Amino acid sequence: MPGSGERLSPQGGSLAISPRTVAGPLRKSALLLAVGALGFGGGYGVNALWFDGAAPVQPISFSHKLHAGEHKLPCQHCHLYAERSPVAGVPPMSKCLGCHRQIATDSPEIQKLMAFWQRGEPVPWLKVHDLPDFTHFSHKRHVRAGLPCQSCHGPVESMDVLTRVAPMTMGWCLGCHRERAVRFGTDCWTCHK
Amino acid sequence: MSVLGLFARPETALAAAKALTDAGHAVSLMSPYPIEGAAEALRLPRSPIRRYTLFGGLLGFSCGFGLAVFSATRHLLPTGGRPIIPLPPFLLIGYELTILFGVLATLLGFLICARLPAWRERPYASETAVDKYGVLLECGADGEAEAETRLRAAGAEAIRRGGELMPPEEGT
Amino acid sequence: MGDYLDKWKQYREPGFPGQLDYAWGLAVDLDRCTGCEACVVACQAENNLPIVGEKDVGEGREIQWLRIERYWEGEYPDLRLRFLPMLCQHCASAPCETVCPVAATYHNQDGLNVQVYNRCIGTRSCAAYCPYEVRYFNWRTPRWDPPLEQQLNPDVSVREMGVMEKCTFCIQRIRLAKDQAKDEGRRVGPDEVQPACVQSCPSQALRFGDRQAPDSAVSKASRSARAYAVLEELNTRPVITYLRKGEEHD
Amino acid sequence: MTEQGLSHARLNRDVLRTLTETGPVYWWALGLALAVSLVCFFLPWGYQLVAGVGVAGMNRPLVWGMYLSNFIFWIGLSHSGTLLSAVLHITGSPWRRAIYRSAEAMTLFSLMVAVLFVFVHVGRPWNIYWSLPYPNQRELWPNFRSPLLFDVTAITTYLTASFTFLFMGAMPDLAAARDGTTGWRKTLYTWLALGWRGTEREWHHLGWAYTFFAVLIIPLAVSVHSIVSWDFALSTVPGFHQTVFAPYFVVGAIYSGTAGIVTVMFLLRKLYHFEAYITEDHFDKLGRLLLVLSLLWTYINGLELFTGWYSGSSAELETLRYKLTGLYAPLYWAMLLFCAALPLVLTSSRVRHSFRSMLAISVLVNIGMYFERFLIIATSLPRKFLPNTWRDYLPTWVELAILLGSLAIFVSLFLIFVKLVPSLSIYEVKETLPHGKGADGEGPP
Numbered sequence: 104m105p106g107s108g109e110r111l112s113p114q115g116g117s118l119a120i121s122p123r124t125v126a127g128p129l130r131k132s133a134l135l136l137a138v139g140a141l142g143f144g145g146g147y148g149v150n151a152l153w154f155d156g157a158a159p160v161q162p163i164s165f166s167h168k169l170h171a172g173e174h175k176l177p178c179q180h181c182h183l184y185a186e187r188s189p190v191a192g193v194p195p196m197s198k199c200l201g202c203h204r205q206i207a208t209d210s211p212e213i214q215k216l217m218a219f220w221q222r223g224e225p226v227p228w229l230k231v232h233d234l235p236d237f238t239h240f241s242h243k244r245h246v247r248a249g250l251p252c253q254s255c256h257g258p259v260e261s262m263d264v265l266t267r268v269a270p271m272t273m274g275w276c277l278g279c280h281r282e283r284a285v286r287f288g289t290d291c292w293t294c295h296k
Numbered sequence: 004m005s006v007l008g009l010f011a012r013p014e015t016a017l018a019a020a021k022a023l024t025d026a027g028h029a030v031s032l033m034s035p036y037p038i039e040g041a042a043e044a045l046r047l048p049r050s051p052i053r054r055y056t057l058f059g060g061l062l063g064f065s066c067g068f069g070l071a072v073f074s075a076t077r078h079l080l081p082t083g084g085r086p087i088i089p090l091p092p093f094l095l096i097g098y099e100l101t102i103l104f105g106v107l108a109t110l111l112g113f114l115i116c117a118r119l120p121a122w123r124e125r126p127y128a129s130e131t132a133v134d135k136y137g138v139l140l141e142c143g144a145d146g147e148a149e150a151e152t153r154l155r156a157a158g159a160e161a162i163r164r165g166g167e168l169m170p171p172e173e174g175t
Numbered sequence: 047m048g049d050y051l052d053k054w055k056q057y058r059e060p061g062f063p064g065q066l067d068y069a070w071g072l073a074v075d076l077d078r079c080t081g082c083e084a085c086v087v088a089c090q091a092e093n094n095l096p097i098v099g100e101k102d103v104g105e106g107r108e109i110q111w112l113r114i115e116r117y118w119e120g121e122y123p124d125l126r127l128r129f130l131p132m133l134c135q136h137c138a139s140a141p142c143e144t145v146c147p148v149a150a151t152y153h154n155q156d157g158l159n160v161q162v163y164n165r166c167i168g169t170r171s172c173a174a175y176c177p178y179e180v181r182y183f184n185w186r187t188p189r190w191d192p193p194l195e196q197q198l199n200p201d202v203s204v205r206e207m208g209v210m211e212k213c214t215f216c217i218q219r220i221r222l223a224k225d226q227a228k229d230e231g232r233r234v235g236p237d238e239v240q241p242a243c244v245q246s247c248p249s250q251a252l253r254f255g256d257r258q259a260p261d262s263a264v265s266k267a268s269r270s271a272r273a274y275a276v277l278e279e280l281n282t283r284p285v286i287t288y289l290r291k292g293e294e295h296d
Numbered sequence: 019m020t021e022q023g024l025s026h027a028r029l030n031r032d033v034l035r036t037l038t039e040t041g042p043v044y045w046w047a048l049g050l051a052l053a054v055s056l057v058c059f060f061l062p063w064g065y066q067l068v069a070g071v072g073v074a075g076m077n078r079p080l081v082w083g084m085y086l087s088n089f090i091f092w093i094g095l096s097h098s099g100t101l102l103s104a105v106l107h108i109t110g111s112p113w114r115r116a117i118y119r120s121a122e123a124m125t126l127f128s129l130m131v132a133v134l135f136v137f138v139h140v141g142r143p144w145n146i147y148w149s150l151p152y153p154n155q156r157e158l159w160p161n162f163r164s165p166l167l168f169d170v171t172a173i174t175t176y177l178t179a180s181f182t183f184l185f186m187g188a189m190p191d192l193a194a195a196r197d198g199t200t201g202w203r204k205t206l207y208t209w210l211a212l213g214w215r216g217t218e219r220e221w222h223h224l225g226w227a228y229t230f231f232a233v234l235i236i237p238l239a240v241s242v243h244s245i246v247s248w249d250f251a252l253s254t255v256p257g258f259h260q261t262v263f264a265p266y267f268v269v270g271a272i273y274s275g276t277a278g279i280v281t282v283m284f285l286l287r288k289l290y291h292f293e294a295y296i297t298e299d300h301f302d303k304l305g306r307l308l309l310v311l312s313l314l315w316t317y318i319n320g321l322e323l324f325t326g327w328y329s330g331s332s333a334e335l336e337t338l339r340y341k342l343t344g345l346y347a348p349l350y351w352a353m354l355l356f357c358a359a360l361p362l363v364l365t366s367s368r369v370r371h372s373f374r375s376m377l378a379i380s381v382l383v384n385i386g387m388y389f390e391r392f393l394i395i396a397t398s399l400p401r402k403f404l405p406n407t408w409r410d411y412l413p414t415w416v417e418l419a420i421l422l423g424s425l426a427i428f429v430s431l432f433l434i435f436v437k438l439v440p441s442l443s444i445y446e447v448k449e450t451l452p453h454g455k456g457a458d459g460e461g462p463p
């Protein structure tokens, strides 16, 4: 080596100073991290697409599309209390049987219903629009304010399987209360209890 | 291309760097600790970091105060019979964020001004982190020999160039 | 621009921004109070207050939104027992509200100091700041021995461990009254609502109502010569009026 | 090799050796510290998470307990390093150079431990992120009017600033470590040093940036402990509600922090054989500082008693009576002994020049300062306004174990730090070495 002095470095070692040069050992961990992130993201997506709680499998495959859509039954024909009480109410089984003693009795789904009836058990419906226990929600107030059911529950009359359309989060509730300028509608104790 | 001369004493290295700078060469001086007068000798401009600090501080204050005002007015939750926008607490938030953003901006300013981090390998000799003082002279591809002569003449006790300054390319 | 300036001016005003809807208040007539604690039991039943058990009561962790403090006055034999029902004073300048980092407690348009249980993260700062000691913390997960869980009030949250709670003036009853009034297109009457404690007081020592209505029972009480507020000197501006004959009339 | 270079080279070797050469004592100490952290901190805390804060000894008037005293104590201890380092940098005191790196590390780690206590203290720590401002589905923001949120901003800022200050000050030394190590360490330091070469450009801007950090950090550190004091002083509680609280906390913090530095210096000197770099002179200077701070602290303590008494308020007087003669009176008098009376012996130069007596005084001062923090809570809250609610407070084994465990966490973090970052500032000590004198084996001046 022309003109070089003696090797002065007392500690020796190579000269690399740029963080990029020594990235080699980090590549493996970065790759692992990337694979992990990808797996997490993919899993999350799969879960959100196919396994979310928005459309649970009901014990009887009841179709809102058939009842509310094709036969044009009004919502409150079955959900009796929506206009006068905080809860809309799941129809009692006698209400179902009022029609289905005669109609479509040979359908396997109706036979399931009959089986529940004969055993004296309620149908274990799964709640699709489930608010947490610390919230106070009154159907009465919202129906009397002139809101159509679809504004929160979505186009139920076109759903074979009932699906939760609105996110039912606090921000979503507040957004509507703000938009419609509900008097003191953003006070916490309007909805919390 | 560049050639590095290693000096045993800071005064010689500083003098060499100053002389070469005055002669119009591109020179860097490497030392294990800051050498007084090096910035002046190598004609570095006054550090612009103070502008970063000032800007960061002002931005921080407006962000802090703004965040407090913004968040208090999104959802009105009056507390303690005070106004929705009380000044003493919100100015305090502004004060804290002045310092936070000031620090971060100073860090950013330092990294930009000092040209760090080094994304490519740069000429370096590890002795300059211990007890040697290096004068790095930029030169053309054919000027290495001349540069070496200049550094030797200024009192360099050892010369590094080319492959000794840069590590071999690792398999990337 | 002018809009923002108006907003700014409004938000710089102290107190509730704008007009209060109602200003609920309570009057406690100490000269009528017999210390029977019917109000304490009623509150317990109405508001799902957890029963913490003997050990925790011994350690000072009982939860009673309304408690009767007993103070002895004078020297034997000229001894006399005073009862002081103590509950959340719903202070207009409440120290507890400003200190909550997550705004779980604040003042609402009914002049109530309200606590949102499920927003609480349990720093307990509000209780440390409260001069009246009327904020209660759930030190452990509350449990109800069967069949007591059957009597829980569905209109009131069951609070979980690590959450602060306090008297709400039975806000669920206020809410119900407002709901009915809205259906009938009127305002809630000044003496229409009765919290559980007021309802159960046999000697009618407690009165509840709207302080904005000049002829409500609480407004009348607050104008009484016997009226005072507990720890007035702290300037927390409580909405509970205590009535007591002054010593000079004894 | 020239003679002049040798002391420089030796300094590099001495300091870098502490990173690579690890004896069994270190591993035993680290293992013990980690084990104690696990057994005394994390397991009891896990128990508390499951069973509720009820496992601690707190009760209704005393809803704040030992966890918050620990929080104040650790925040106070953090006021040693970065603040002192910044002040001494601005004033250009040369004796700062050998001590500031470990002092700043103390700041960082005691702050981290203090932040842990926020999590230990609250009832639902899993929801603590609600106190951070970020857009969320609830459309709710934290309450910036709360002194607790001042704390959140102040401590976040302080942690960030301390870390940056430490990192920037250490960058040239990390570069030296990069050049002097091999293996995974080399990779680590190459990353941390960001390609530092020690050119005049880098030194120039580092000098400016460092000075600006120091200028920013001094008012920050003062504000941090003032804000911690306002958590208390903004209430109406007798014993808390005092205007003197902010300076009281700041002085107390610097006082306990300085004592903490003395302790750490002593241990570093002994264990790492830094006798050549950390000298009697350092202890003398720190001793003088401690003396001044103890006088200030005593004055403010007197002021606190005086304002309580002079207020004439029955609640304040009762709190005062409880403090001086109540359940925790022995602790109060011990605190006065350790923090006000004992440090007066520092007037003697012989005491200041004795390593052992300095260690003893610094440890006792910190014990006294812990009592102070404990008493602030344990003698004010039990005597609030309504006598019906008065009640004493006794910590349970969970609280005591967590206190011990937090100390172990601090020690563990510090032990890990000294193996990862040069605990002595190589380049700044080098500046004090005259280039031309000194030979291998001979200590620097």
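Protein chains in written order, with our numbering: chain A, 104 to 296; chain B, 4 to 175; chain C, 47 to 296; chain D, 19 to 463. For every residue, glycine included, the Cβ atom is placed at its ideal position computed from N, Cα and C. In this text the structure is predicted, and so the values were computed from the model without any measurement.
With DSSP collapsed to three states, give me the class of Trp4 (chain D).
-> Missing from the structure shown is residue 4 (chain D); chain D here goes from 19 to 463 and no further.
Where the alpha helix (DSSP H) containing Ile114 (chain C) begins and where it ends | Premise fails: Ile114 (chain C) lies in the beta strand (DSSP E), 113-119, not in any alpha helix (DSSP H).
Does Arg283 (chain C) have its Cβ less than 8 Å from a Cβ in chain B?
-> yes
When the Cα of Ala74 (chain D) is compared with those of C:Gly99, C:Arg107, C:Leu158, which residue comes out closest?
-> C:Arg107
Of all the CB atoms in chain B, is at least one closer than 8 Å to the CB of Glu294 (chain C)?
-> Its pLDDT being 46, under 50, Glu294 (chain C) is placed unreliably by the model, and the measurement read from it follows with that caveat. No, because no Cβ of chain B sits closer than 8 Å to the Cβ of Glu294 (chain C).
For Ile87 (chain B), which option in C:Trp54, C:Ala275, C:Asp77, C:Lys212 has the closest C-alpha, if you only look at C-alpha atoms?
-> C:Trp54
Would you say Arg125 (chain B) reaches chain A, if we count a Cβ-Cβ gap shorter than 8 Å as a contact?
-> yes
If you drop the 5 nearest sequence neighbours on each side, which residues of the same chain put their C-beta closer than 6 Å to that of Val280 (chain D)?
-> Leu304, Met376, Ser380
Under the three-state DSSP convention, the category Leu130 (chain C) falls into | strand
Since Glu211 (chain C) sits in a beta bridge, which residues does DSSP pair it with?
-> C:Tyr182
Compare the C-beta of Arg215 (chain D) with all C-beta atoms of chain A and state if any pair is closer than 8 Å.
-> yes
Stretch-stretch touch, CB-based, cutoff 8 Å, three pairs: the segment 30-45 of chain B with the segment 152-171 of chain B = no
When D:Thr397, D:Ala69, D:Asp410, D:Ala239 are compared against Gly99 (chain D), the one with the closest alpha-carbon | D:Ala239
Stretch pair the segment 129-143 of chain C + the segment 182-201 of chain C: three plus CB contacts closer than 8 Å | no
Go to Gln66 (chain D), then tell me how far its alpha helix (DSSP H) extends in each direction, as first and last residue.
-> 61-69
Mind pulling the chain C residues with CB within less than 8 Å of Leu241 (chain A)?
-> Residue identity check: residue 241 (chain A) is Ser in the sequence provided, not Leu. In chain order: Asp225.
Exposure of Asp296 (chain C), with buried meaning 16 or more beta-carbon neighbours within 10 Å = Confidence in Asp296 (chain C) is poor, its pLDDT being 42 and thus under 50, which makes the residue's placement too unreliable to answer from.
Between D:Ile108, D:Phe301, D:Met353, which lies nearest to Ser366 (chain D) when the distance is taken from Cα to Cα?
-> D:Phe301
Do the CB positions of Lys21 (chain B) and Ala42 (chain B) come within less than 8 Å of each other?
-> no
Extent of the continuous alpha helix (DSSP H) run through Gln110 (chain C) | Here Gln110 (chain C) belongs to no alpha helix (DSSP H), and DSSP marks it neither H nor E.
In the segment 232-280 of chain C, which residue ranges form an unbroken alpha helix (DSSP H) of at least 4 residues, counting only runs that do not cross its ends?
-> 242-246, 263-268
How should Ala75 (chain B) be labelled, buried or exposed, when 16 other C-beta atoms within 10 angstroms of its C-beta is the threshold for buried?
-> buried
Contacts of Trp15 (chain D) in chain A (Cβ-Cβ under 9 Å) | Summary: the structure shown does not reach residue 15 (chain D), with chain D confined to residues 19 through 463, and so no result is reported for it.
Are the Cβ atoms of Val439 (chain D) and Arg115 (chain D) separated by less than 8 Å?
-> no
Can the beta-carbon of Gly137 (chain B) be found closer than 8 Å to that of Gly105 (chain B)?
-> no
From Asp299 (chain D) to His371 (chain D), what does the alpha carbon distance come to, in whole angstroms?
-> 7 Å
By DSSP, does Ala26 (chain B) sit in helix, in strand, or in coil?
-> coil
Counting along the chain, where does the beta strand (DSSP E) carrying Ser111 (chain D) start and finish?
-> That residue, Ser111 (chain D), is in no beta strand (DSSP E); it is neither H nor E in DSSP.
Is the distance from the Cβ of Trp185 (chain C) to the Cβ of Gly70 (chain D) below 8 Å?
-> yes
With 16 other CB atoms within 10 Å as the buried threshold, where does Trp351 (chain D) fall?
-> exposed
Listed by chain order, chain C residues near Trp228 (chain A) by CB distance under 7 Å = Those do not exist, as Trp228 (chain A) stays about 20 Å from chain C at its closest Cβ, beyond 7 Å.
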